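If you count the sequence shown from 1, you need to add 8 to reach my numbering. Here a beta-carbon is modelled for each residue, glycine too, at the ideal position from N, C-alpha and C. As the structure is a computational prediction, the values presented were derived from the model and not from experiment.
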Amino acid sequence: MADVVLENVTKKFGNHTALDNVSLTIPNGSFVVLLGPTGAGKTTTLRMVSGLDRPDSGNIYFGGHSVEGHSPAQRNVAMVFQQYSLYPHLTVRQNLEFPLKSPLLKTPRDAIDRKVNAIAEVLQISHKLDNMATALSGGEMQRVSIGRALVRTPQIYLMDEPLSSLDAKLRADLRVELKNIQAKSGATLLYVTHDQIEAMTMATHIGVLHEGRLVQFGAPREVYEHP
Ligand code: ADP
Ligand code: ADP
């Protein structure tokens with residue numbers, strides 16, 4: 009485990025600069041929330057860290073090593089994006105087990121069951137475990153997609169507005185659960201949102217993006233006392 013460092017990262021789409029010379033250190037074990045309005049560059053930042061997309065210039069380091077050219081699997085990241093991308097022909101349980109069933113992991117059956125049942129309970133989706141993914145509401149799909157990341161033990165979790173389509177009660181419950189899971193596991197979590205409550209309640213560090221530039225970075229208290 010180690011810090012993730014973005015160094016002078018710039019990303020353009022045609023003439024439009026989505027990220028403008030962003031430098032950012034995501035400390036190992038931190039819960040970093042990227043905050044900012046639509047179009048600020050939050051999702052683009054997440055995609056750079058994930059390896060799904062690459063910077064036009066600048067570097068990204070995991071533990072001091074450049075990860076240029078490394079795939080998401082090589083970077084050992086677990087992602088929750090806004091498009092849920094569940095396997096439609098599988099049940100909720102099968103979707104949740106999928107990341108654990110790689111032959112390389114050799115996870116014992118009872119360990120898989122324990123993990124899936126525990127995560128399903130946290131996400132309040134236990135009663136849907138035998139339903140097909142296609143039979144779920146948007147909010148349920150979103151929770152299964154969070155669950156598929158949480159069953160894994162990556163170096164870093166990347167989440168893009170994972171609570172956006174949930175009702176207020178569930179959102180409040182899951183803010184607490186995500187914060188607990190992150191704190192207990194010691195995993196690093198990079199989390200994109202435009203919801204200030206999520207930022208204030210969960211973040212160890214908040215980064216504020218505006219028009220592709222990182223305009224603030226610090227502890228929640230610092231960011232809110234000096235806006
Ligand atoms: P945010 O997540 O903060 O809403 P994004 O990172 O999605 O912002 O987008 C930053 C800017 O880059 C926006 O102006 C967006 O339209 C543009 N952008 C993002 N991805 C692409 C893409 N694949 N092609 C063209 N423009 C893009
Ligand atoms: P967010 O809601 O976080 O801003 P978006 O809905 O903007 O995310 O982006 C979803 C996907 O669409 C991302 O993969 C992003 O790169 C892509 N995208 C965003 N803006 C554009 C755009 N103007 N043209 C093409 N692709 C885009």
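Beta carbon of residue i nearer than 8 Å to that of residue j
{"i": "A128", "j": "S134", "result": "yes"}
{"i": "L131", "j": "I68", "result": "no"}
{"i": "I34", "j": "V12", "result": "yes"}
{"i": "N84", "j": "Q150", "result": "no"}
{"i": "V88", "j": "D175", "result": "no"}
{"i": "L32", "j": "L222", "result": "yes"}
{"i": "A141", "j": "P96", "result": "yes"}
{"i": "L171", "j": "R179", "result": "yes"}
{"i": "F39", "j": "Q190", "result": "yes"}
{"i": "H218", "j": "T46", "result": "no"}
{"i": "A157", "j": "A86", "result": "yes"}
{"i": "V124", "j": "E148", "result": "no"}
{"i": "S173", "j": "G146", "result": "yes"}
{"i": "K50", "j": "V200", "result": "yes"}
{"i": "V41", "j": "E206", "result": "yes"}
{"i": "L98", "j": "S153", "result": "no"}
{"i": "K136", "j": "V159", "result": "no"}
{"i": "G72", "j": "A10", "result": "yes"}
{"i": "T52", "j": "K20", "result": "no"}
Host alpha helix (DSSP H) of residue i (start-end)
{"i": "S153", "result": "146-158"}
{"i": "Q82", "result": "80-83"}
{"i": "L174", "result": "No alpha helix (DSSP H) holds L174; DSSP gives it neither H nor E."}
{"i": "L43", "result": "Element bounds for L43: not the alpha helix (DSSP H) but the beta strand (DSSP E), 39-43."}
{"i": "T51", "result": "50-58"}
{"i": "Y232", "result": "228-233"}
DSSP three-state assignment for residue i, whether helix, strand or coil
{"i": "E169", "result": "coil"}
{"i": "R221", "result": "strand"}
{"i": "F106", "result": "helix"}
{"i": "V124", "result": "helix"}
{"i": "L186", "result": "helix"}
{"i": "L113", "result": "coil"}
{"i": "T75", "result": "The sequence given here has Val at residue 75, not Thr. Three-state result, V75: coil."}
{"i": "A86", "result": "strand"}
{"i": "I133", "result": "coil"}
{"i": "T4", "result": "Absent from the structure is residue 4, since the part of the chain shown begins at 9 and ends at 235."}
{"i": "T142", "result": "helix"}
Continuous beta strand (DSSP E) stretch holding residue i: start and end
{"i": "D28", "result": "24-34"}
{"i": "Y69", "result": "65-70"}
{"i": "Y199", "result": "196-201"}
{"i": "T18", "result": "12-21"}
Residue i Cβ short of 7 Å to ligand 3 heavy atom set
{"i": "L137", "result": "The model depicted lacks ligand 3 and carries ligand 1 and ligand 2 instead."}
Next on the checklist: Would the segment 106-117 count as touching the segment 192-211 if we require 3 or more Cβ pairs under 8 Å?
Outcome noted: Short answer: they don't touch.
Next on the checklist: Could you check whether the segment 53-63 touches the segment 27-42, counting it as contact only if at least three pairs of C-beta atoms, one from each stretch, sit closer than 8 Å?
Outcome noted: Contact between the segment 53-63 and the segment 27-42 is present, because at least three Cβ pairs lie under 8 Å.
Item to check | Three CB pairs or more closer than 8 Å across the segment 63-73 and the segment 207-221 | outcome: Fewer than three Cβ pairs drawn from the segment 63-73 and the segment 207-221 lie within less than 8 Å of each other, which leaves the two stretches out of contact.
Checklist entry - ligand 1: which residues have Cβ under 5 Å from any of its heavy atoms, chain order? => result Taking a cut-off of 5 Å from the heavy atoms of ligand 1, the residues with a C-beta inside it are F21, A26, T46, G47, A48, G49, K50, T51, T52.
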